[in-house]
Amino acid sequence: MNSRRKLWGALILLAAFHGLILFAGFFAPYGFAVQDRDMSFAPPTRLHFTDAQGKFHLRPFVYGLKDDPANPGAYAADTTHMYPLRFFVQGSPYKVAGLFESHLHFFGVASDGRLFLMGTDGYGRDQLSRFLYGGQISLLAGLLAAALSVALGILVGSLAGFYGGWIDELLMRGSEIFLALPWLYLLFAVRAALPLHIAEWQVFLLLVAVMGVIGWARPARLIRGVVLSAKERKFVVAARGFGASDAHLLFKHVLPQTYGVVLTQIALLIPQYVLAEVTLSFLGLGVGEPMASWGTLLSSLQQYYILSSYWWMFLPALLLIPLFLAYYTTADALQERLKSVSL
Amino acid sequence: MRYISRRLIHAILLLLAVSFFSFALLQLAPGDFFDAMRLNPEISQHTVESIRSEYGLDQPLPIRYGRWLRSMLKGNLGFSLASNSPVAPLLRVRARNTLLLSGTATLLAWLLALPIGVWSAAKRGGWGDRIGKVATSTILAVPDLLLFLGLLLLAVRTGWFPTGGMVSPGIDGLDFWSQAKDVAFHLVLPAFGLAVVMLPVLVLHVRSAMIEALESPFIRAARGHGIPRARLLFRYALPAASNPLISLLGFSVATMLSTSMLAEVVLSWPGLGPLLVESIFSRDVYVVVAVVMLSSVFLVMGNLLADLLLFASDPRIRTETE
Numbered sequence: 000m001n002s003r004r005k006l007w008g009a010l011i012l013l014a015a016f017h018g019l020i021l022f023a024g025f026f027a028p029y030g031f032a033v034q035d036r037d038m039s040f041a042p043p044t045r046l047h048f049t050d051a052q053g054k055f056h057l058r059p060f061v062y063g064l065k066d067d068p069a070n071p072g073a074y075a076a077d078t079t080h081m082y083p084l085r086f087f088v089q090g091s092p093y094k095v096a097g098l099f100e101s102h103l104h105f106f107g108v109a110s111d112g113r114l115f116l117m118g119t120d121g122y123g124r125d126q127l128s129r130f131l132y133g134g135q136i137s138l139l140a141g142l143l144a145a146a147l148s149v150a151l152g153i154l155v156g157s158l159a160g161f162y163g164g165w166i167d168e169l170l171m172r173g174s175e176i177f178l179a180l181p182w183l184y185l186l187f188a189v190r191a192a193l194p195l196h197i198a199e200w201q202v203f204l205l206l207v208a209v210m211g212v213i214g215w216a217r218p219a220r221l222i223r224g225v226v227l228s229a230k231e232r233k234f235v236v237a238a239r240g241f242g243a244s245d246a247h248l249l250f251k252h253v254l255p256q257t258y259g260v261v262l263t264q265i266a267l268l269i270p271q272y273v274l275a276e277v278t279l280s281f282l283g284l285g286v287g288e289p290m291a292s293w294g295t296l297l298s299s300l301q302q303y304y305i306l307s308s309y310w311w312m313f314l315p316a317l318l319l320i321p322l323f324l325a326y327y328t329t330a331d332a333l334q335e336r337l338k339s340v341s342l
Numbered sequence: 000m001r002y003i004s005r006r007l008i009h010a011i012l013l014l015l016a017v018s019f020f021s022f023a024l025l026q027l028a029p030g031d032f033f034d035a036m037r038l039n040p041e042i043s044q045h046t047v048e049s050i051r052s053e054y055g056l057d058q059p060l061p062i063r064y065g066r067w068l069r070s071m072l073k074g075n076l077g078f079s080l081a082s083n084s085p086v087a088p089l090l091r092v093r094a095r096n097t098l099l100l101s102g103t104a105t106l107l108a109w110l111l112a113l114p115i116g117v118w119s120a121a122k123r124g125g126w127g128d129r130i131g132k133v134a135t136s137t138i139l140a141v142p143d144l145l146l147f148l149g150l151l152l153l154a155v156r157t158g159w160f161p162t163g164g165m166v167s168p169g170i171d172g173l174d175f176w177s178q179a180k181d182v183a184f185h186l187v188l189p190a191f192g193l194a195v196v197m198l199p200v201l202v203l204h205v206r207s208a209m210i211e212a213l214e215s216p217f218i219r220a221a222r223g224h225g226i227p228r229a230r231l232l233f234r235y236a237l238p239a240a241s242n243p244l245i246s247l248l249g250f251s252v253a254t255m256l257s258t259s260m261l262a263e264v265v266l267s268w269p270g271l272g273p274l275l276v277e278s279i280f281s282r283d284v285y286v287v288v289a290v291v292m293l294s295s296v297f298l299v300m301g302n303l304l305a306d307l308l309l310f311a312s313d314p315r316i317r318t319e320t321e
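These protein sequence lines are chains A and B, in that order. Going by numbering that gives the first Met the number 0, the letters in the first sequence line up with residues 0 to 342, in that order. Going by numbering that gives the first Met the number 0, the letters in the second sequence line up with residues 0 to 321, in that order.
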């Protein structure tokens with residue numbers, strides 16, 4: 000019961016997170032590359048409910064920003080200008096699912112006001128918008144790479160486990176090579192084998208391919224283990240006795256038994272791969288400017304003055320904690336369910 | 000003895016396969032170190048080609064691999080094109096630093112994980128155990144990068160810790176103890192960060208191994224005899240639970256090395272990690288191969304060490320293989 004509730008909680012959080020990122024254009028108040036050079040390193044905009052006269056407003060509003068005269072480089076609220084927060088506003092154009100154009104944004108303020116809920120970076124770009132758009136790259140890379148790894152794992156694991164013999168021996172020895180390299184070193188080695196400067200979408204595809212291909216070994220070994228025990232189960236042996244073909248046995252009887260391991264592995268691999276993209280892009284080996292990815296958002300923190308002066312540059316990384324927590328909880332709950340089913 | 004020698008031969012064969020795999024991978028890479036030179040109009044195509052053949056880059060793959068392997072065995076570990084010298088001297092200091100960092104962190108992580116894990120297993124279901132469970136899964140979800148950046152922020156903001164490097168400038172003249180103290184001072188943040196990253200997994204495993212041990216009949220018998228609790232936990236239950244933990248020690252080497260690399264880069268600890276990133280940017284393939292190879296050697300050695308420990312601690316393995 001408890002594990003069931005945990006699973007549903009985590010799944011709802013995941014669905015919300017992915018929904019926000021899928022419709023980044025709608026939820027982000029600005030585009031990911033929209034710069035406002037006068038607003039470089041603006042702190043997160045505060046939402047107010049009471050104005051300077053102490054009057055309460057039901058609809059939250061923000062003040063305009065002006066340079067702080069006492070503190071050069073910092074900003075102060077311009078209490079003479081109030082911009083109420085509005086929902087479903089018209090703003091900069093974006094594309095929904097890459098097809099049709101829209102101007103509708105979930106929230107925003109009048110166009111001469113500024114709303115930076117997570118502050119801005121050095122170019123005055125809205126961090127929240129960049130976080131949402133960045134998720135489209137980072138999360139998609141993680142999802143695709145995890146899917147690729149597990150697909151390879153299923154292929155290799157089922158071949159090795161089902162046929163055994165020299166195929167098994169060969170594939171498992173091969174997987175040992177991949178497991179004998181610490182995986183971040185392996186990731187960097189494969190990245191080193193690829194050109195340094197390439198077009199953005201190529202970088203994305205390469206990242207997915209690299210992460211997906213180097214991660215097949217562990218899922219393959221786990222799936223092989225399940226297949227080994229699954230093919231000895233009585234109903235599988237019976238089906239074989241009735242003359243079922245290998246393909247029928249594999250797809251109808253053996254592989255369905257691996258779904259628990261497969262789902263758990265996917266839930267564990269996605270955060271790992273998201274983090275891998277973040278690490279590579281952080282070091283300048285992944286997705287580059289002006290594209291937004293979670294790694295590029297963090298890469299400015301390599302400069303000490305940004306690290307120490309602008310705390311909101313950490314926010315994108317902090318937002319990853321609930322996401323990862325949800326994935327790990329899902330994996331955990333799946334594993335628990337798996338145990339109770341097999342007993 | 001048979002068991003040990005079999006493990007040893009297996010490790011060597013594995014490393015050979017890894018070496019061929021990583022060498023071939025990096026040799027298949029498009030472009031090489033001399034690409035920048037080729038673009039320079041002042042250097043003729045002919046000169047570039049003759050330099051390449053001087054370094055043997057025009058030979059076919061098997062021959063280059065053979066040469067490289069010979070250089071590995073001679074202890075040169077290949078030739079760095081960027082610094083025009085054998086790789087070994089570059090690597091020796093870096094490898095020592097990485098080992099120092101990950102060794103300290105491993106020790107620290109285990110020293111923390113054992114009491115925490117044993118304690119939460121002993122108080123299973125209590126509030127402390129529950130808080131511990133929430134804490135471990137939260138720490139598990141914190142991106143390593145965020146943790147290291149946070150530690151760096153701490154160092155930059157407070158000045159309590161050095162913000163990077165391994166020694167303070169002007170340390171050379173001092174006596175051994177002051178130097179060691181300085182290194183230890185620089186070691187605090189990265190080692191602590193690494194230990195924190197490792198901790199949740201270790202605690203979880205110690206806890207579950209201990210729970211299994213505590214449920215076994217001989218512990219109940221011992222409890223019935225009135226043996227004090229601390230002695231029961233650490234003298235009787237922990238050794239019985241040690242078997243999976245020793246295997247975990249072997250497995251955790253891989254994670255430790257990967258995490259250590261990230262920590263080294265972010266907190267500028269002069270280990271293998273920063274060297275690897277630099278050599279990727281300068282396309283210095285042989286350094287990349289050597290670093291990757293070395294990381295694999297560490298990993299395989301770690302696993303071998305765990306196997307040997309298991310062999311020493313568990314009589315069942317000894318009798319099984321004789």
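The beta-carbon is built from N, C-alpha and C at its ideal position, and this holds for glycine as well.
{"query": "Neighbour-count burial assignment, B:V117, 16 or more Cβ in a 10 Å radius", "result": "buried"}
{"query": "Partners in chain B for A:Y272, counting only beta-carbon separations shorter than 8 Å", "result": "Correct list: empty, because the minimum Cβ distance to chain B is about 12 Å."}
{"query": "Run of the alpha helix (DSSP H) containing B:P216, from where it starts to where it stops", "result": "216-223"}
{"query": "Candidates B:M255, B:E263, B:Y235, B:E277, of which the one nearest B:M165 by Cα", "result": "B:E263"}
{"query": "Under 8 Å from the C-beta of B:T137: neighbouring residues of chain D", "result": "Going by chain labels, chain D is absent from the structure shown, which instead holds the protein chains A and B."}
{"query": "Exposure label - A:F87; buried when at least 16 CB within 10 Å", "result": "exposed"}
{"query": "Whole alpha helix (DSSP H) elements within the region 101-187 of chain A, 4-residue minimum", "result": "126-162, 164-178"}
{"query": "The region 28-35 of chain A / the region 124-134 of chain A touching (three or more Cβ pairs under 8 Å)", "result": "yes"}
{"query": "Limits of the alpha helix (DSSP H) - the one that B:V92 falls within", "result": "86-121"}
{"query": "Enclosing beta strand (DSSP E) for B:M165 [first to last residue]", "result": "That residue, B:M165, is in no beta strand (DSSP E); it is neither H nor E in DSSP."}
{"query": "Cβ neighbour criterion (16 or more within 10 Å) applied to A:A15", "result": "exposed"}
{"query": "Within-7 Å CB hit, B:P161 to chain A", "result": "no"}
{"query": "DSSP three-state assignment for B:A154, whether helix, strand or coil", "result": "helix"}
{"query": "Inter-residue Cα distance where the pair is A:V225 and B:L151", "result": "44 Å"}
{"query": "Reference B:G158, options B:H185, B:L110, B:S82, closest by Cα", "result": "B:H185"}
{"query": "CB contact check: A:I176 to chain B, cutoff 7 Å", "result": "yes"}
{"query": "For A:M290, the three-state DSSP class (helix, strand or coil)", "result": "coil"}
{"query": "For A:W215, the nearest candidate out of A:R129, A:Y303, A:Y272, A:Q334 (CA to CA)", "result": "A:Y272"}
{"query": "Under 7 Å between C-beta atoms of A:A23 and A:Q201", "result": "no"}
{"query": "Three-pair Cβ contact test at 8 Å for the region 230-238 of chain B versus the region 250-267 of chain B", "result": "no"}
{"query": "is_contact[A:L342, chain B] using C-beta, thresh 7 Å", "result": "In this prediction, A:L342 has a pLDDT of 44, which is less than 50 and means its spatial position is unreliable; what the coordinates show is noted afterwards. Chain B, which has no Cβ nearer than 7 Å to the Cβ of A:L342, makes this no."}
{"query": "Rounded Cβ spacing between A:P218 and B:L298 (contact assumed at less than 8 Å)", "result": "Not confirmed; about 19 Å, so no contact."}
{"query": "Short CB-CB distance (under 7 Å) between A:Y184 and chain B", "result": "yes"}
{"query": "Bridge-paired residues (DSSP) for A:P83", "result": "A:F60"}
{"query": "Classification of A:G133 by the beta-carbon crowding that lies within 10 angstroms, buried from 16 upward", "result": "buried"}
{"query": "Whole-angstrom C-beta distance between B:V92 and B:I138, which should lie under 8 Å", "result": "Not a contact, Cβ separation roughly 32 Å."}
{"query": "Ranges of the alpha helix (DSSP H) found wholly within the region 208-294 of chain B, counting only runs of at least 4", "result": "216-223, 237-265, 271-280"}
{"query": "Sequence-distant residues of the same chain with beta carbon closer than 6 Å to B:A81, five excluded per side", "result": "S281, D283"}
{"query": "Start and end residues, beta strand (DSSP E) containing A:F48", "result": "47-49"}
{"query": "Cα-Cα separation between A:T44 and B:A108, rounded to whole angstroms", "result": "40 Å"}
{"query": "Residues near A:L342 by beta carbon distance below 8 Å, same chain, minus five either side", "result": "Legend: pLDDT at A:L342 = 44, less than 50; position of this residue unreliable, value from coordinates given subsequently. No residues qualify anywhere along the chain."}
{"query": "Residue(s) in a DSSP beta bridge with B:S79", "result": "B:S84"}
{"query": "Residue(s) in a DSSP beta bridge with B:V296", "result": "DSSP output for B:V296 lists no bridge partner at all."}
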